[in-house]
Each structure stands twice: as structure tokens, then as C-alpha cells.
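Encoded as C-alpha cells, the structure appears first; notes follow it.
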Amino acid sequence: MTDTAKQDRVLIFDTTLRDGEQSPGATMSHDEKLEIAQLLDEMGVDIIEAGFPIASEGDFNAVSEIAARSQNAVICGLSRADTRDIDRCWEAVKHAKQPRIHTFIGTSPLHRAIPNLNQDEMVERIHQTVTHARNLCDNIQWSPMDATRTEEDYLCRVVEVAIKAGATTINIPDTVGYTAPRESAELIRMLLEKVPGADDIIFATHCHNDLGMATANSLAAVEAGARQVECTINGLGERAGNTALEEVVMALKVRNDIMPYRTDIDTTKIMNISRRVATVSGFQVQYNKAIVGKNAFAHESGIHQDGMLKNAETFEIMRPEDVGLSETNIVLGKHSGRAALRAKLKDLGYELGDNQLKDVFVRFKALADRKKEVYDDDLLALMNDEGTNA
Ligand code: KIV
Ligand code: ZN
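Each residue of the sequence shown is one higher than the one before, starting from 1 at the first, in UniProt numbering.
Written out as C-alpha cells, the structure is:
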């Protein structure tokens, strides 16, 4: 394993504003992009991929302004393996304190057929474009798109060429979400072992979620030596999305005993940015989404609520405060028990004796059978009906 890969620090590369925004219908306005970039910068993201400058005038302007404003993060723009693309990207990111050019080309047989380049011609193109980028900027990321479906020998060859031409980060994209955890780890391990110069660069992992394995694949790559994870807030991204930033970061925090790697993310800022990205992209977060879903810290069943009221660790592996929520959400419904009802009523100002609680509980269950969730207002109405005074 290389010196870099031996370190325990994992860089977080957020591509919400580039790969995330590529999700059909997720387009964000200029001001919305600036706001999200600022939140990413404040939460400790190491690299922000702010857009694809050649794609449109709007993308160019957004990347330029984010670059000029960013305080801490490296600001990266995407470009194809084309010198005009790369120049345009540089024009946008050069305003940053720490600019990065990210250039890519599809290296799998399917992707090579599109520009109709044979293997040697593609190697030549990679050498030429990465050299061009490196002459503009010291910080160069190169990606062989569809790496996980590229022949191993050829992948080693193109990665070696990119490193020799000056790439400082090599990103290994699972563009179509095809790999699985063991394979994801073996690929990184193989590249670290076989490619000359691999010791001097950082390997990144960039996973898509088509088979629901993006987070697992990213973590497997980290265990094998990748030290940059590419991800998006809420897992936003094309098709089934990208690796979710909040999942990787919280997994590394909560299971640090078995995955001893650290990030610089302030996890208490997760909930706020998740809500802002959901609002500005128009992509609502599913209720049971890990970490940021509405129900991720909610408990309805009586056994769970009872356990939670006695000791939160019974049914929660992380504290809601750690992701920026003020408290666990005890949702009252037909599965709730007496302990939860008593606790909720106490919060609302009602201290009930055992007999009174028994009576209210019967009426609460009847109400809960008619309604999916019993809200505070419903309970207040129930108590007023009862004529019970606080
Ligand atoms: O998924 C992918 O291959 C990409 C590249 C442009 C890095 O997003
Ligand atoms: Zn991608």
C-alpha cells in the first residue's frame, strides 16, 4: 500500500453541483448554486466540483463565482479530453485560492467506440490533454470513465499515462453503478500494486447507485486504499444517483472501530444542507433514506419508544444532534405504548396518574386506529375533551 493510502484521512469530494445537477429536473439557479457551495465549504468538504464550465454560459459563470468566493475548499471544474474544454474550465476555476481541473474520457470498450479511437490513439489523447491541463494548473484530476468495465491491463496503462503526464488525483468511476464491494476494493488494490507512480497520487472512488451499492462500494474502495470519496448530498445524481455524502461520512464516524478513517466534515451541518438541496433541486428525500430521511430518527412502535425513553442507544446507533437534528422524533401512532403517550403528554404539560392515563390511552388507541399519526394538536383535543387540567 502507498504512503498516501496508509494515511487515515479521507478527502470528501462533493459533486452535487455537477453530477448531482445532471439529474434530469434537478437544475439549480445561479444563486442557489452559490448558496449550496457556501454550505459545502462551511461544512468542511475538501473539494467542491462546482460544474462543467463548457456546458453552458450559466455553468461557466457559476463555477467562476464559486471559485472566487470559496474560502477553504479546492474548487474543481469538469472538462472532457479536449483542449478547448480544458481551457474553458481553467478560465472558470483559476479564480479559486485552490483550483483543480478534472478531465475525463471513457476508457471501456463501449466508451472507446464513441469517439472511435483505438487503444493507442486514446492513450495519445490522454497524454496530450492531461499534459495540457497540467501546464495550466498544478492540481489535476483525471478519470477513466466506466473504469469498472475497462479491461484491467488497459486501465493500468491509461492510469500510468495520466500519472506520467501530471495527474495528481486518479478517480476510478463506476459510471453505471455496476461494481460490487469486493470488486471495488480489488480494483483499487490492483491499481495501487501494479501502476508505476501510484504511490505519489491519490486514488478516488466515484460510485453510482444503480444497484443500491454506491456507499458500500465507496467504503470498500477506501479500505483498499482510495483516499478521496466522490459523493453528493442526499445521493442526488443521474439515474439512481451518486454515493450519498451523509452516508459515507456517518458510516466512517459511527463505525470508526472497524473503518479507522476520518473526514473533516462537521456532521452537525448535514441536516440543514440536506434540506436546502432537497428544496432547491426539487428532489424530495425519501422518508426512510439513511441519515437524512424524515423517519431516520423517528420511532413509532411501542417497544422501540419504550426502549428509547429509557436509553436512546437501545434503538439508535447515532445521536440526532450529530447530524444537526435537535431530538429524536417519537411519533405517536397505533403501535405506540403507554410510556410514550405519558412522555408526550408530559411534554405538552399534562402529568397523569395511572388511572387517568389508562383511560386516555384507550381513547388514544381508538384515535390512532382512525389516523396514521397522532399529532400534538390531536392529543390536546383529546385532553380537552377529557376535561383534564394540566
Ligand atoms: O460517472 C462518471 O463517470 C462521471 C465522470 C465524469 C467522472 O461522473
Ligand atoms: Zn458520475
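The C-beta atom is built at its ideal place from N, Cα and C for all residues, glycine as well.
Could you work out which residue in the options is closest to residue i when comparing CA atoms only?
i    : options                : result
L110 : S143, A133, E151, I101 : E151
T328 : T148, F315, E313, A298 : A298
G282 : S23, L11, V10, D8      : S23
E124 : C137, A165, T279       : A165
A37  : N311, A62, M383, D138  : A62
R18  : N242, R88, G106        : N242
A226 : N209, Y261, E247, E246 : Y261
D14  : N135, G25, G51         : G51
G44  : A339, D264, E230, S143 : D264
What first and last residue would you give for the beta strand (DSSP E) that runs through residue i?
i    : result
D257 : Counting along the chain, D257 falls outside any beta strand (DSSP E), and DSSP gives it neither H nor E.
M28  : Where M28 is concerned, there is no enclosing beta strand (DSSP E), given that its DSSP letter is neither H nor E.
H304 : From DSSP, H304 is part of no beta strand (DSSP E) but of the alpha helix (DSSP H) over 302-310.
Tell me, please, which residues DSSP counts as bridged to residue i.
i    : result
T232 : A244
A204 : N171, Q228
I51  : This sequence places Gly at residue 51; Ile is not what is there. Paired residue(s): G77.
A330 : Checking the displayed sequence, the identity of residue 330 turns out to be Ile instead of Ala. DSSP lists H299 as partners of I330.
What's the C-alpha gap between residue i and residue j?
i    : j    : result
G333 : D369 : 8 Å
A343 : R255 : 31 Å
G197 : A296 : 43 Å
D200 : S56  : 34 Å
T27  : N234 : 15 Å
L341 : L348 : 11 Å
Q98  : L309 : 48 Å
A185 : A204 : 12 Å
S70  : E32  : 15 Å
Could you pull out every residue in the same chain whose Cβ sits closer than 7 Å to the Cβ of residue i, ignoring the five residues on either side in sequence?
i    : result
H304 : F315
T83  : T129, H132
A92  : P53, F60, V63, S64, A67, G77
Apart from the five residues just before and just after residue i, which ones in its own chain have a Cβ nearer than 6 Å to its Cβ?
i    : result
H102 : C76, L78, Q141
Can you tell me where the alpha helix (DSSP H) holding residue i begins and where it ends?
i    : result
H127 : 119-136
H111 : 109-112
Q141 : Element bounds for Q141: not the alpha helix (DSSP H) but the beta strand (DSSP E), 140-145.
L155 : 152-165
T179 : Careful: T179 lies outside any alpha helix (DSSP H) and carries neither H nor E.
I273 : 270-281
I265 : No alpha helix (DSSP H) holds I265; DSSP gives it neither H nor E.
G337 : G337 -> no alpha helix (DSSP H), and no H or E assigned at all.
Quick one: residues in its chain with C-beta nearer than 8 Å to the C-beta of residue i, no 5 flanking neighbours on either side, listed in chain order?
i    : result
T268 : E321, D322, V323, G324
L117 : R125
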